[in-house]
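First the structure, in the form of structure tokens, and then the observations on it.
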Amino acid sequence: MNQNASADWVETSEAMPGIRAFIIEPPGLGVALRVSIAQAAQPAVGGQSDALDAVLYATDADYLFGTVANSARVGSFGGEVAPAVIVGIGYAEETGDLRFVSQRRFLDFYRGPRRSFDAGAYGSFEFGGADAFLDALRDHIVPMVERHVPGIDPARRVLLGTSAGGHFAAYALAKDPAFFQGYAMMSPMLVDPQPLVGGKVSQSSGVGAMVRLIEDLPEDALPPGLRIFLSAGDREEDPGSMFADYRIISNALHMRSVLARRGIDTEFVQFAGESHGSVTGAAIGRALRFLLPPAGSRPDWQAALAASER
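Take the sequence shown: its letter number 7 is residue 7 in UniProt numbering, and every next letter is one higher.
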């Protein structure tokens, strides 16, 4: 063999085996989405395999899809997480430098009214389009995925979001509580952000408006069988940190208390030494283990829902 010969370098359209991507432009959203789908992995040895797979929908796919998909597939292969199809929702216009998503996500993930937000040195953002994004998810993305991907159990849908995506997950819970059976709100912005006043965050920006939204729901609004994961890094409220004034830890704990009083199965994890950005990988792993437990170690969501209808 000639050690000096160069190996061929051939580009392929498939970034990783078992992952496909589609473009969809839902009516009324005003932007095209890139939907990435990772097939479920089955346990390597032992463990029970379900006839149907759970499905997890992850917002912020331009940031998170690879981490979520790989964590889920390795966890399933090792028998610690139930086999699940992972669906990442990103933006067709994002080119890889995160400039597009860093602007657009604020419009899609925060509830209305539609408004501009001046973040000082960070620029200006549009907020308030969560209703249109939720409609796109429920009416177009979920039906498309579950129609074209065989073997999905629609009774085991999970929604995962971080930061602004955690705000959206809380809003989706309030608007249509039974559409997903599991929710991950990681480092969630459970507030309605207000423009800076004199270059500073106003006191009202830290008020947990999304917690109040859940608290004010009718007593029977949240169906039995829901599982909700909340998390934060323990440095997220450190004085001087970028997100300190938004009380991410405090509001997440308050949200957990509100949910627990309604009998919802929750888990809250506060990760030592982690900030708003650094905590994401650890939080994803714990969220998957809580929301997608393997067969034989999870509650029967369908039985819980059936019991509530009797």
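Glycine included, C-beta positions come from ideal geometry on N, C-alpha and C.
Look at the region 234–306 and you find these whole runs of alpha helix (DSSP H), each 4 residues long or longer: 248–261, 280–291. Here residue 123 is exposed: its Cβ has fewer than 16 other Cβ atoms, across all protein chains shown, within 10 Å. Per the C-alpha coordinates, the member of 75, 98, 40 positioned closest to residue 87 is 40.
Segment contact: the region 124–134 against the region 143–160, fewer than three CB-CB distances shorter than 8 angstroms; contact not assigned.
Just measuring C-alpha positions, the residue of 31, 262, 110 sitting nearest residue 219 is 262. By the Cβ test, the region 259–274 is in contact with the region 221–234, since at least three Cβ pairs between them sit closer than 8 angstroms. For residue 85 and residue 70, the gap between their C-alpha atoms comes out near 11 angstroms.
Checking the DSSP bridge columns, you'll see residue 53 partnered with 152. For residue 131, the uninterrupted alpha helix (DSSP H) run begins and ends at 130–136, by DSSP. With 16 or more other CB atoms across the displayed protein chains lying within 10 angstroms of its CB, residue 251 is buried.
For residue 93, no beta strand (DSSP E) run applies, since DSSP gives it neither H nor E. Distance from the CA of residue 22 to the CA of residue 239, rounded to the nearest whole angstrom, comes to 43 angstroms.
Bridge partners of residue 21 according to DSSP: 36. Secondary structure of residue 110 (DSSP, three-state): coil.
Membership of residue 182 in any alpha helix (DSSP H) is not indicated; the residue belongs instead to the beta strand (DSSP E) covering 182–186. For residue 59 and residue 171, the gap between their C-alpha atoms comes out near 13 angstroms.
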